[in-house]
Structures are given as C-alpha cells and as structure tokens.
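Asks: If you read the protein sequences in the order shown, they are chains A and B. All residue numbers for the first sequence refer to the numbering used here, where the first residue is 1 and numbers rise by one. All residue numbers for the second sequence refer to the numbering used here, where the first residue is 1 and numbers rise by one.
Number of protein chains: 2
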Amino acid sequence: MRILAAQINPIIGDLEGNTNKILKAIAAAQEHAVDIVLFPELALTGYPPEDFLLLPHFIESVESHLKKIVEASTGLTVIVGTPRRNSDTMEKPLLNSAAIITDGKITGYQDKILLPTYDIFDERRYFEPCKDSKIWMIKGKRVGINICEDIWTDRDLIKYTSYMRDPVAELKPFKVDLLLNLSASPFSVGHLENRIRACSAAAKLLRCPVILCNQVGGNDSLIFDGHSLYMGRDGYLSNFAPGYTEGYLLADLSHTTGIKDLRLDQEEELYNALVLGLRDYFVKSGFKKACLGLSGGIDSALVACLAVEALGAENVIAVGMPSRYTSDASVTDAKKLVSNLGIAFKELSIESPFVSYLDLLKPEFADRQPDATEQNIQARIRGMLLMALSNKFGYIVLSTGNKSELAMGYTTLYGDSCGGLAVISDVSKRQIYQLARWINREKEVIPQSIIEKAPTAELRPNQKDQDDLPDYAIVDNVLQAYIEDHQSPEHIAIRFGYDLELVKSLVKRIHSNEYKRRQVPPGLRVSDKAFSIGRRFPIVQGWV
Amino acid sequence: MRILAAQINPIIGDLEGNTNKILKAIAAAQEHAVDIVLFPELALTGYPPEDFLLLPHFIESVESHLKKIVEASTGLTVIVGTPRRNSDTMEKPLLNSAAIITDGKITGYQDKILLPTYDIFDERRYFEPCKDSKIWMIKGKRVGINICEDIWTDRDLIKYTSYMRDPVAELKPFKVDLLLNLSASPFSVGHLENRIRACSAAAKLLRCPVILCNQVGGNDSLIFDGHSLYMGRDGYLSNFAPGYTEGYLLADLSHTTGIKDLRLDQEEELYNALVLGLRDYFVKSGFKKACLGLSGGIDSALVACLAVEALGAENVIAVGMPSRYTSDASVTDAKKLVSNLGIAFKELSIESPFVSYLDLLKPEFADRQPDATEQNIQARIRGMLLMALSNKFGYIVLSTGNKSELAMGYTTLYGDSCGGLAVISDVSKRQIYQLARWINREKEVIPQSIIEKAPTAELRPNQKDQDDLPDYAIVDNVLQAYIEDHQSPEHIAIRFGYDLELVKSLVKRIHSNEYKRRQVPPGLRVSDKAFSIGRRFPIVQGWV
Numbered sequence: 001m002r003i004l005a006a007q008i009n010p011i012i013g014d015l016e017g018n019t020n021k022i023l024k025a026i027a028a029a030q031e032h033a034v035d036i037v038l039f040p041e042l043a044l045t046g047y048p049p050e051d052f053l054l055l056p057h058f059i060e061s062v063e064s065h066l067k068k069i070v071e072a073s074t075g076l077t078v079i080v081g082t083p084r085r086n087s088d089t090m091e092k093p094l095l096n097s098a099a100i101i102t103d104g105k106i107t108g109y110q111d112k113i114l115l116p117t118y119d120i121f122d123e124r125r126y127f128e129p130c131k132d133s134k135i136w137m138i139k140g141k142r143v144g145i146n147i148c149e150d151i152w153t154d155r156d157l158i159k160y161t162s163y164m165r166d167p168v169a170e171l172k173p174f175k176v177d178l179l180l181n182l183s184a185s186p187f188s189v190g191h192l193e194n195r196i197r198a199c200s201a202a203a204k205l206l207r208c209p210v211i212l213c214n215q216v217g218g219n220d221s222l223i224f225d226g227h228s229l230y231m232g233r234d235g236y237l238s239n240f241a242p243g244y245t246e247g248y249l250l251a252d253l254s255h256t257t258g259i260k261d262l263r264l265d266q267e268e269e270l271y272n273a274l275v276l277g278l279r280d281y282f283v284k285s286g287f288k289k290a291c292l293g294l295s296g297g298i299d300s301a302l303v304a305c306l307a308v309e310a311l312g313a314e315n316v317i318a319v320g321m322p323s324r325y326t327s328d329a330s331v332t333d334a335k336k337l338v339s340n341l342g343i344a345f346k347e348l349s350i351e352s353p354f355v356s357y358l359d360l361l362k363p364e365f366a367d368r369q370p371d372a373t374e375q376n377i378q379a380r381i382r383g384m385l386l387m388a389l390s391n392k393f394g395y396i397v398l399s400t401g402n403k404s405e406l407a408m409g410y411t412t413l414y415g416d417s418c419g420g421l422a423v424i425s426d427v428s429k430r431q432i433y434q435l436a437r438w439i440n441r442e443k444e445v446i447p448q449s450i451i452e453k454a455p456t457a458e459l460r461p462n463q464k465d466q467d468d469l470p471d472y473a474i475v476d477n478v479l480q481a482y483i484e485d486h487q488s489p490e491h492i493a494i495r496f497g498y499d500l501e502l503v504k505s506l507v508k509r510i511h512s513n514e515y516k517r518r519q520v521p522p523g524l525r526v527s528d529k530a531f532s533i534g535r536r537f538p539i540v541q542g543w544v
Numbered sequence: 001m002r003i004l005a006a007q008i009n010p011i012i013g014d015l016e017g018n019t020n021k022i023l024k025a026i027a028a029a030q031e032h033a034v035d036i037v038l039f040p041e042l043a044l045t046g047y048p049p050e051d052f053l054l055l056p057h058f059i060e061s062v063e064s065h066l067k068k069i070v071e072a073s074t075g076l077t078v079i080v081g082t083p084r085r086n087s088d089t090m091e092k093p094l095l096n097s098a099a100i101i102t103d104g105k106i107t108g109y110q111d112k113i114l115l116p117t118y119d120i121f122d123e124r125r126y127f128e129p130c131k132d133s134k135i136w137m138i139k140g141k142r143v144g145i146n147i148c149e150d151i152w153t154d155r156d157l158i159k160y161t162s163y164m165r166d167p168v169a170e171l172k173p174f175k176v177d178l179l180l181n182l183s184a185s186p187f188s189v190g191h192l193e194n195r196i197r198a199c200s201a202a203a204k205l206l207r208c209p210v211i212l213c214n215q216v217g218g219n220d221s222l223i224f225d226g227h228s229l230y231m232g233r234d235g236y237l238s239n240f241a242p243g244y245t246e247g248y249l250l251a252d253l254s255h256t257t258g259i260k261d262l263r264l265d266q267e268e269e270l271y272n273a274l275v276l277g278l279r280d281y282f283v284k285s286g287f288k289k290a291c292l293g294l295s296g297g298i299d300s301a302l303v304a305c306l307a308v309e310a311l312g313a314e315n316v317i318a319v320g321m322p323s324r325y326t327s328d329a330s331v332t333d334a335k336k337l338v339s340n341l342g343i344a345f346k347e348l349s350i351e352s353p354f355v356s357y358l359d360l361l362k363p364e365f366a367d368r369q370p371d372a373t374e375q376n377i378q379a380r381i382r383g384m385l386l387m388a389l390s391n392k393f394g395y396i397v398l399s400t401g402n403k404s405e406l407a408m409g410y411t412t413l414y415g416d417s418c419g420g421l422a423v424i425s426d427v428s429k430r431q432i433y434q435l436a437r438w439i440n441r442e443k444e445v446i447p448q449s450i451i452e453k454a455p456t457a458e459l460r461p462n463q464k465d466q467d468d469l470p471d472y473a474i475v476d477n478v479l480q481a482y483i484e485d486h487q488s489p490e491h492i493a494i495r496f497g498y499d500l501e502l503v504k505s506l507v508k509r510i511h512s513n514e515y516k517r518r519q520v521p522p523g524l525r526v527s528d529k530a531f532s533i534g535r536r537f538p539i540v541q542g543w544v
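1. Please classify A33 (chain B) as buried or exposed, where buried requires at least 16 other C-beta atoms within 10 Å of its C-beta.
2. Report yes or no: is there a C-beta of chain B within less than 8 Å of the C-beta of F58 (chain A)?
3. Run through the DSSP bridge pairs and tell me what Y325 (chain B) is partnered with.
4. When the distance is taken between beta carbons, is Q541 (chain A) closer than 8 Å to G247 (chain A)?
5. Could you check what DSSP says for D280 (chain A) in three-state terms: helix, strand or coil?
6. Specify, as a first and last residue, the run of the beta strand (DSSP E) that S97 (chain A) falls within.
7. Give me, in chain order, the residues of the same chain whose beta-carbon lies closer than 6 Å to that of G296 (chain B); leave out the 5 immediate sequence neighbours on both sides.
8. List the residues that DSSP assigns as beta-bridge partners of Y126 (chain A).
9. Within the continuous alpha helix (DSSP H) that includes V507 (chain B), where are the two ends?
10. Considering only the alpha carbon of each residue, which of B:G320, B:F537, B:I533 lies closest to I350 (chain B)?
11. Looking only at its own chain, which residues have a Cβ that is under 6 Å from the Cβ of L479 (chain A), when we skip the five neighbours before and after it?
12. Using a beta-carbon distance below 8 Å, is G87 (chain B) in contact with chain A?
13. Relative to the C-alpha of S390 (chain B), which candidate in B:A301, B:H255, B:K289 has its C-alpha closest?
14. Which residue marks the beginning of the beta strand (DSSP E) containing Y230 (chain A), and which one marks its end?
15. If you measure beta-carbon to beta-carbon, which residues of the stretch 408–428 of chain A are closer than 7 Å to chain B?
16. Check distances from the C-beta atoms of the stretch 83–112 of chain A to those of chain B and list, in chain order, the residues that come in under 9 Å.
17. So, is H255 (chain B) buried or exposed, given that buried needs 16 or more other C-beta atoms within 10 angstroms?
18. Report yes or no: do three or more beta-carbon pairs, one from the stretch 471–489 of chain B and one from the stretch 504–512 of chain B, lie closer than 8 Å?
19. Quick one: give me the first and last residue of the beta strand (DSSP E) that P167 (chain A) is part of.
20. Is DSSP giving D132 (chain A) helix, strand or coil here?
21. Comparing C-alpha positions only, which one of B:G420, B:E405, B:V427, B:A379 sits nearest to S399 (chain B)?
22. If we define contact as Cβ-Cβ less than 8 Å, is E458 (chain A) a contact residue for chain B?
23. If you compare alpha carbons, which of B:R85, B:K346, B:G497 is closest to S64 (chain B)?
24. Any Cβ of chain B within less than 8 Å of the Cβ of H486 (chain A)?
25. Mind checking K464 (chain B): buried by the 16 CB within 10 Å criterion, or exposed?
26. Where does N440 (chain A) sit, in a helix, a strand or coil, going by DSSP?
27. Exposed or buried, R368 (chain B), counting other C-beta atoms within 10 Å across all chains shown (16 or more means buried)?
28. Among all the DSSP beta bridges, which residues are the ones paired with I36 (chain A)?
29. Chain A partners of D51 (chain B), CB-CB under 8 Å?
30. Any residues in the stretch 509–527 of chain B with a beta carbon nearer than 8 Å to a beta carbon of chain A? Which ones, in chain order?
31. Within 8 Å (strictly less), CB to CB, does P129 (chain B) reach chain A?
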C-alpha cells in the first residue's frame, strides 16, 4: 500500500486556492499509483479558521468545494480535513472532520474526538466532539484515522490540559494495520521532538505504522512546521517530509526505509520557523517589502537578518533614525550590518521633530523634570517615520521588540512597538543571542560588536537596559517559570535562589504591562506560551 | 423566608477586597435577620477571572479566602460563586460553583451545568460541566440553585449557541419552592429585557419565585449592569436592585411586592453602561484623570460628556490640536462644549511638528503626491501629544473612535486610536447621534452645531467622511447584519435593497482592517458582538 501525505500550506479561508492545492496533490497521487492521499487537519479551510466557522455561507462554500474534491478522487482514497455540519442535534453545529473519499464517493467521516480548548486553541467554541471510535477498511487494510490531538496518547507530552479519553487506545481492540493522522500541529521550540514521541508511542501501542500529515506555513501568529512523518510499527521514524515548506511524503508500507533523523538543532529550528512565519505573513497578504528601524542593537539586527532570508535583500529597507543620544558606534554597527546584508538604508535624524515637540510641550511641562516622557517621544517619532514610509510605499513595518522586553514593558507603545508584525516578540533575550551566534556560525553577518555590547535603548545619556531592569538571565528565568510553568513567585524564588521581593516585582511588572501588550502587532509564536491569544489575563486586576 | 441578593462590584483577582465586600454583605444580612444571602457568579474572583484560573497558587488563595467566608456565616445560609477544584478525574480541573454555606459549614456545591463557550465566553477553557441537577433543602424550602447561563431556559433568547440540556427543566421533577441564580451577565443593549424574560420563563416553568443576583461593574471591556431581580412565581417582576451600581435586593417571600418596571429607555441604558465601564476602568486601576483630543466633532464631544459623568469635570482634560485644515467652526464648537462641561482645555497646534515631518520626509517622498500618509501624520502627531501628556501627568488617554469607523478602518493606527480605553468603539454612528440627543434632552450640553454638521476628519481641505465612505446609515445596517447576524453579502443586499457590490466592498473593508483593530485599546462592549475577544478572525485570510 502506498500513501502520499500531502503537506500543503493553505491560506485561511481561501477555499478556492486550498482546493486547488488539494486537487494538484490528488493528481500527483494518481500519477504515482498511490492508494491513499492524506491531507492535514482542516486542510480545506486552513487551520485555524476561527470565526469563519460561524458564518453559514462560509460552511456552504466549504461543502461545495468538497464536492470538487470528491469528483477528482478517481481510483484512490482521499482523506481530507474539513469542518462539517452535524446532522444530530448537538450543542455545537459542526464537527472537525476527516472526509474519507474513495473513487468519487464520500465513504464516511471520521470526526475529531479530543478538542483542544487551552492556550491558543478554542475548538470547543466551534465543534462537538466525536463520540465513537471506528475502523476503516481501505484496500483490505484495517485503517485507523484520527485528527491531530487524538494521536497524543502519551499524556506527559501535553501541557496545559488533560483528557479523559485516549483515542489511540480506543482503536486497540480493532487490531489496526495502519494509523493515519491529520494534523495542524503548530511549531514551538522542542515541539517537533514531542510530536515524534507522540507518534512513536501511538505506533507502539497499536503495533502498526503511523503516518502523520501536518500542515505547513505561517498563519498570523501561528507557524506550522510541516515535518509530516512515517513512523514504523516499532516506533522508530522511517521517513519524513521536509520542514518549513510544502512537500509530499510517499510512504510505501511494503518497503522499510532506513531510519532517518529529522531533528535540527534548536537555533536552526527557531530560525527556520521565524523565517517561515515572516515570509507567509507577507506572501499570503500580498505584500512584498518590509521596513524596519535599525538601531545598531542586536534585536533589530536579528530581525533584519530574518527579513532578508524571508523576503530577499532587495525587499528589506532599513531605516537609521539617530537622535542626540545615539552613539557613533551604533551608527557604524548599523551601517556595517546593512553592508553585510546588502539592503537599502535610509537615514532620518529625529532631532528636528524632537525639538519641535519639546518646544510645543514646554509650556505644558513647565518645571517638570525630564522623565520617560521625553524618551517615549523619541521612540514614537521613529514609529511615526516608519509608518509614514509604510503608508507612502506600501511596506509592512517589522517591529523588533523581544519577549523579555515585552514582558517587562520595556518598550514604547506606539513607538518601537509599531508595525504589522512583531517578528521576535516570542523570542527571549537569551535566544536572541543564541540566534545571532548561529547566524554568524560561518561568517560574520551580524557585526560582533553588536553581539558584545551591553543592551541599550539610547533614549537618554549613557542609558543601559540594566539600569532599569535586572540582568536578562534573571528576567528570562522568571518569565519561563511564571508564564510557561505557572509557578508562584515563592516557588520561583526558591527554585532559582532569587530574592522573593525581586521575583514579585518582576511578576508585578509582567501584569502591569498587560495594557501595552494588548496593543502590539501580532507576534510569531515560537514558545509554548506566547503573549497572544494563548495567554488571557485582564488588564485591570487586583491579584498582583 | 428573607433573601438578600448582594449585588457586589468585584475587582478581578482581588481576593482580599472581594472577600471583604462579601463579609460586609453577610454582616448586613445578619443584622436584617435574613435567611439566605446570595452573591453573583464567581463573586470571590470577579468575573471573568480568565487565566488566573490556571495558576495553582491563585486557586489555593481562593480556597483560603473562602474559609473566611465560611467562618462568618453564623446563623444564615451564604451562597457564593467561586471556582473550585474538581475532586473527580475529569478533563478540566475546575468547576464553576456556588458554595452553599450554612452556619459555619459548607453544605455542598452546586456546579454550573451550561458553560458558555462562544462570543466573549471561554468557560470550557477552564471548567468541567456539572453532570447532575439537585435540590437543596434550606429552612424547610426546596431550593433550586443555578448559575447564570443555566437559567436561560427560553432558548430563543440565546444568540450564537445552543444547548442540549435545560437545567431549569431538570429541576421540575423536584417541585422547587424557590430558584436562586448567581449571575455575571454582561450588559449589551437590550440584554436586560432578555434577562428578565429568561427569569420569567424559568419562574413560569417551575411555578416558583426566582431571585437572580447579578454582578455589577466594569471589568476591562465588559460591563455588568447589576439589576438583580426578584421574579414572582407568576413570571412578573416583583422587585429589583438598582442598575449600574452596587446594591442589595431584599426579597421577602411572604410579602408580595408590587410589580415594578425597571426598564429604562435604550439611550439611558447605554449611557449608564458606558459611564460605569469608563469609571471602573479608572477606579479599579487607581487612575483619576483622563485626557482626550477634542476635535469639535460629535465623537469626541460624546466621550467628553461620558468622561465628565464618570470621573467628574475636574478630572477631564480636553486637548484641542488644530491643524491647517481645522475649521474655525470646529474650534468654536470645541470651546463651547468645554465651557458647557466646565473642563480644562489645552490648545496645542500641530503645525510645527507637521512641518518638521514634511521637511524631513521630503527627500524620501520626492515627487509622490500627498495621500493618506500626510493625513495619518497629523493624526499621529495628535496621538503623540496626548500620550506625552499621559506619560508626564499620569492621565489615561481616552480614544474616541466609534464602531462604524473602526469597522471601516476609518481611523489612524497610532493616531486617533491611541489610548488606554476606547470608550465608544462598540457604539455605532447611529447610536452616537441618539446618545448626543439624549444628553441634550433637557438643555444643550453638546452644541447643536456639532450634532448637525456633516462628519469630517479635517485631515485635508474640505474633507467629509462621506467622501471616503457610504452613508453611515448604510454602513451601520451592513455592520449589524454581517457582524452581529452573520448574514452573507447576498442576503444583506436583498434584505436592504443595496447593491451587492457595495455590500461586498464594505464586508471586504471590515476584514482588511482587522490588522488595525488588533492594535487598538480595549473598548467597552455594549452590543451582542463587539470588536474584541468575542469576535475572532484572522488578519491574513483568503475568504474575503
């Protein structure tokens, strides 16, 4: 039996375009005498379709596009992810389904059993869970089919929720010959390894091969890394589709392929994921060119490198916006990076609008001392200039704040946070340095002086980030423990040997800056818990 | 039997403060020889507690605060909303509960059956539904207790979801003497009438009185209007607590009170709700003073009126920021309003920074014609000035965009959308005029000329909103039909007799401005479907 996992990159809601990708894969499968062609979860709509699912005319259109797929299924079995209307009377009118289509007819539907409703997932908002497990007879084989979350039989691998049912174990009595899984499993650092372990556990439990077809591509904040895989019945990886790009994985059950290792190092994974997320945000919305402020610091340097990789050097415009506090070293470093990357560079001094604002506000501010206000004005002039270029020339502005800064509120709202996409807003300061060194692994792309100097916003004389913040190593440890692991300040203080009051002050700072994070651009999610829809805290609160 | 519904205004997560409010109400109940004191849903944490529920140390603190309430319950029954840990092994570790506490002991818990997971509600993210319905014996009476959604037995009244169980009907076999409901039922225009109808239907179905205790207060975007009520067994309203403020409702089952009507007209409801939401955003976060840009147009005029009502005239600072395109009439109108309201007024001409930007960008823009870029620069200078005042003096900036503009993207990101709170972002242009006329019902507060003139952004010579947009009446009809009713463009075109291409272009405009709405401040929700967490659409999409 030959199975093709068609790892496609859909656009959310582009039913026409997604159907065409599906039809193309079916045609390829037909050419290569494949028995089953397998698509990702909700391949027809793209994942996550969000509230499009609530529009009745959207669902009607899904149904008519599915018909085209049915008509094209001559001579093979197509298994494609689609929402479908629930004919029983249930709480939610939809099921998250795999349509099983053979030779021009829908044989049936396998609906998703476990509906993730935690972190970024809201599936209970739309879907009713499937009640029964069943087996599908395809070309004489007993095939189990399940969807994404349903294959995570090793519960230690699932963070933030637990389930009462185990859809893999429910298949055991059926003596399954093969398990197929339709996934839209988003990227986070380390998640690929967990996904492989989940499939391995499922293969071992059922003593059968597993083929998982994962979505690939960036959809707003979410990045899907692909890496569709063919797991042998022994629980060892047999073959896989490429990561971070569309591709087909052909699995021939009668041939054993050698065990391959698809794991990259974590910096490369993270780099590839960010590049994919950035590229798809542009490609899928029809934009080509990005601009960003280049300060001479490491964050904007990293974003410039990612943008060049994603969009091409000819599509990246760097803007230097020096102020009276900008050091010569910063200007030199920025220009060196621009030259290394071969990108366009514009220089716009913010001095004149800065003076204009200070003059205008002088009567209002009277005898008040300079404070963060004057710093924010500088950052906001830069945001203004980038947005003016964006408006005039159709660039998307990339914002360059990192996760550690965003957590601490060490960013100016409507200033450096301006933009269409926050490229590294889920990347900690620690990871920023790791990525920079990884980019420089063969030759110096990011000037070494940028990596070595102490972080500074250069918004007042001789400013250093560490004047206003504890060491980033401390910030990052507290962030991880509080935000990802939900540990209490008391627990964190003991775990790392930090002063309790220091930990409490950082946790307080995280919550008191919620209002800023609510107004920043969408950021690419690369951790298990990003500042985004996956983390929902009130702005006004009395707990912290 | 005497029941006190204690309609409190909790702060989310302020367990200490909320417990004190609860203890105070218990003491009042004890003084007035009350048998049962009833609190709102999740009164201990405030509703909605969001991801605080995921923090184990938060739940531990909830439990220790509940103990204080138990200790205070001498001589009566306390029924208080609280999350509680689920001792059975279930998918979610928590239940949304009512703790029933009598004379120093917890008698038991009534858990919520229907967990709303639609629109703004995410209860399945946190809670497991209750399986069984039960009856509680209190002072010889057979008392049914349920929580918020559980009382909405009239299913025609629930938008956006359906349920398979009816917790009110499930109580019928128990021959209930009295139904108590703990609610955190958010305000939207017309929702109070529906809530009364739901309680009426429940009373009639069970042939018993119903007492509903609703939360009151603003929590970020959500406004809870209170209006706790006592419904007679005949389904007619017997008594109610005040709306939009804390209060106690004492219901004596042995006395029949006269039927009262608590309905206000819709303008007054809307006005009160916005004032409450605005006030609590400030009070609960410890801020006192607001500033806003006053353009001489109706939107900022309305927000100024609401702010004065909520915070007092002495706490509202209006800022006039005229440009070369500002008409004399606008300046005169703004000053007249300032004088009518008795608020502080600052005038800051944006001409000098505007010129400074134009000069700076001249070499970049070269031979390009002026377009929206130059208009956005003006709006962003105004945002910058308001934020500078906010940073220097600790004001919260109120943003003044309305729902129709926000839908159409007729707003400048980082410009007029700047602020801590979007006061009228869920109020349509039609409602803006209704509110303005209502405010002027006794004397002219908002100058009539502001109400009468054609809407204009005054960002280029002789600009009118209707140069860029269809008539607001058309926009508002399409918005309502598409956003609230989920109707297709085809359906909408037929329903209103509009040109299909026009409707499609408006729907397209709604979706293509999703990126802007993602970065605006939280807005007070006053409709059934606001632009907020209750409406989840991708930015990059291929459907529209």
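Just so you know, even glycine gets a beta-carbon here, dropped at the ideal spot from N, CA and C. Model, not experiment: these values are computed from the prediction.
Replies: Looking at the atomic coordinates:
1. exposed
2. yes
3. Per DSSP, none; premise fails for Y325 (chain B).
4. no
5. helix
6. 94–102
7. S330, D333, A334
8. Y126 (chain A) is not bridged to any residue.
9. 500–512
10. B:G320
11. A407
12. Note on residue identity: the sequence assigns Ser, not Gly, to residue 87 (chain B). Not an interface residue.
13. B:K289
14. 229–231
15. Y414, C418, G420
16. T89, M90, E91, K92, P93
17. exposed
18. yes
19. No beta strand (DSSP E) holds P167 (chain A); the alpha helix (DSSP H) holding it covers 167–171.
20. coil
21. B:G420
22. no
23. B:R85
24. yes
25. exposed
26. coil
27. exposed
28. A:I3, A:T77
29. R535, R536, F537
30. Y515, R518, Q519, V520, P521, P522
31. no
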